[in-house]
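Asker: Here's a structure for you.
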Amino acid sequence: MKKLLVFFSAVILFSMCSRSVWKLTDDGVIIKLGSLGPGMTSVIKLEVINEKIIHVIASPGKELSSDKSLCVIEQSKPVPPFDVRQSIDTLILSTSELKAKVNLTTGQVIFTNNAGRMILQERKGGRSFSPVTVEGADGYSFRQVFESPADEGFYGLGQHQSDEFNYKG
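Counting the sequence shown from 1 gives a position; my numbering is that position plus 109.
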């Protein structure tokens, strides 16, 4: 009985010490990471577009921008079924085709298929924001770096369309 009490006390204490909080939305989840430091992500939104597309929005501020796009006409489409689960330090959003895993400590996002094969992974510490001021308006420049497998190639970025030039080397 004492072991059980100690276990549940530890679980409750750990969950109270966690800096991140998440909220389920109609089309995904919003994760508030807390303060990771200047230039780091504070809020991440995973938005399910369809079974194979999850839109990731990140912000260094405490809230996501509510500004609407001037370029994209918003169309309401049915959101496919999705599931959200949390392990100790990871939040997993799953569709029938894809899983997005967010580390609740660092904010790192990893995409896998349902068999667990990695599709895309952010480098640890690979997302940062730098404050900028342009013509008196404050904003951020953004940097994001992904892990790239050794056998991956980058072809046809617009100017060389013959598939002969691999930008990665």
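Heads up, the beta-carbon is just placed ideally off N, CA and C, and yes, glycines get one too. Just so it is clear, the structure is predicted and the values come from calculations on it, not from any experiment.
Can you tell me whether residue 242 is buried or exposed, with buried defined as 16 or more other CB within 10 angstroms of its CB?
Answerer: Stepping through the sequence shown from its first residue, residue 242 is reached at position 133. Counting Cβ neighbours within 10 Å, residue 242 comes out exposed, since fewer than 16 surround it.
Asker: Pick from 273, 129 and 201: whose alpha carbon is nearest that of residue 191?
Answerer: Along the sequence shown, one-based indexing puts residue 191 at 82. Nearest of 273, 129 and 201 to residue 191, Cα basis: 201.
Asker: Under 6 Å Cβ to Cβ from residue 203, same chain only, skipping five residues before and after it: list those, please.
Answerer: The count along the sequence shown starts at 1 and reaches residue 203 at position 94. Cβ within range, chain order: 192.
Asker: Unbroken beta strand (DSSP E) runs of length 3 or more, entirely within the stretch 135-161: which are they?
Answerer: Counting only runs that start and end inside the stretch 135-161, the beta strand (DSSP E) elements of at least 3 residues fall at 137-141 and 152-159.
Asker: Please report the distance separating the alpha-carbon of residue 142 from that of residue 233.
Answerer: Here the question's residue 142 lines up with position 33 in the sequence shown. Here the question's residue 233 lines up with position 124 in the sequence shown. If I take the Cα positions, the gap works out to 15 Å.
Asker: Just mark residue 155 as buried or exposed, buried being the case when its beta carbon has 16 or more other beta carbons within 10 Å.
Answerer: Looking up residue 155 in the sequence shown gives position 46. With 16 or more other Cβ atoms within 10 Å, it is buried.
Asker: Any idea if residue 184 is buried or exposed, counting beta-carbon neighbours within 10 angstroms, 16 or more meaning buried?
Answerer: On the sequence shown, position 75 is the one that residue 184 refers to. That one is exposed.
Asker: Are there 16 or more other CB atoms within 10 angstroms of the CB of residue 187, so buried, or fewer, so exposed?
Answerer: The count along the sequence shown starts at 1 and reaches residue 187 at position 78. A residue is called buried once 16 or more other Cβ atoms fall within 10 Å of its Cβ, and residue 187, having fewer, is exposed.
Asker: For residue 208 and residue 199, which I take to be in contact (beta-carbon distance under 8 Å), what is that distance rounded to the nearest angstrom?
Answerer: Here residue 208 corresponds to residue number 99 of the sequence shown, with the count starting at 1. Here residue 199 corresponds to residue number 90 of the sequence shown, with the count starting at 1. In fact, because the Cβ distance is near 10 Å, the residues do not count as touching under 8 Å.
Asker: How would you write the range of the beta strand (DSSP E) that residue 240 sits in, first residue to last?
Answerer: Locating residue 240 in the sequence shown gives position 131, where the first residue counts as 1. In the DSSP assignment, residue 240 falls within the unbroken beta strand (DSSP E) covering 227-243.
Asker: Rounded to whole angstroms, what is the Cα-Cα separation between residue 255 and residue 231?
Answerer: Numbered from 1 along the sequence shown, position 146 holds the residue referred to as residue 255. Numbered from 1 along the sequence shown, position 122 holds the residue referred to as residue 231. Answer to the nearest angstrom: the Cα atoms are 4 Å apart.
Asker: Relative to the alpha-carbon of residue 216, which residue among 205, 229, 236 and 226 has its alpha-carbon at the smallest distance?
Answerer: As a position in the sequence shown, residue 216 is number 107, starting the count at 1. The option with the nearest alpha carbon to residue 216 is 236.
Asker: Quick check on DSSP: helix, strand or coil for residue 259?
Answerer: For the purposes of this step, residue 259 is taken as residue 150 along the sequence shown, with counting starting at 1. Residue 259: coil per DSSP, three-state reduction.
Asker: Label residue 274 either buried or exposed according to how many other C-beta atoms from any shown protein chain fall within 10 Å of its C-beta, with 16 as the threshold for buried.
Answerer: Counted from its first residue, the sequence shown places residue 274 at position 165. Counting the other CB atoms within 10 Å of its CB gives residue 274 a total below 16, which places it among the exposed residues.
Asker: Excluding the five sequence neighbours on either side, which residues of its own chain have a C-beta within less than 6 Å of the C-beta of residue 219, listed in chain order?
Answerer: The residue you call residue 219 lines up with position 110 of the sequence shown. Only 210 and 230 meet the Cβ criterion.
Asker: Counting along the chain, where does the beta strand (DSSP E) carrying residue 209 start and finish?
Answerer: Against the sequence shown, residue 209 aligns to sequence position 100. In the DSSP annotation of this structure, the continuous segment of the beta strand (DSSP E) that includes residue 209 starts and ends at 207-212.
Asker: Any idea if residue 238 is buried or exposed, counting beta-carbon neighbours within 10 angstroms, 16 or more meaning buried?
Answerer: For this step, residue 238 is matched to residue 129 along the sequence shown. By the 10 Å Cβ count, residue 238 comes out buried.
Asker: Is residue 221 helix, strand or coil by DSSP?
Answerer: In the sequence shown, residue 221 corresponds to position 112, counting from 1. Strand at residue 221.
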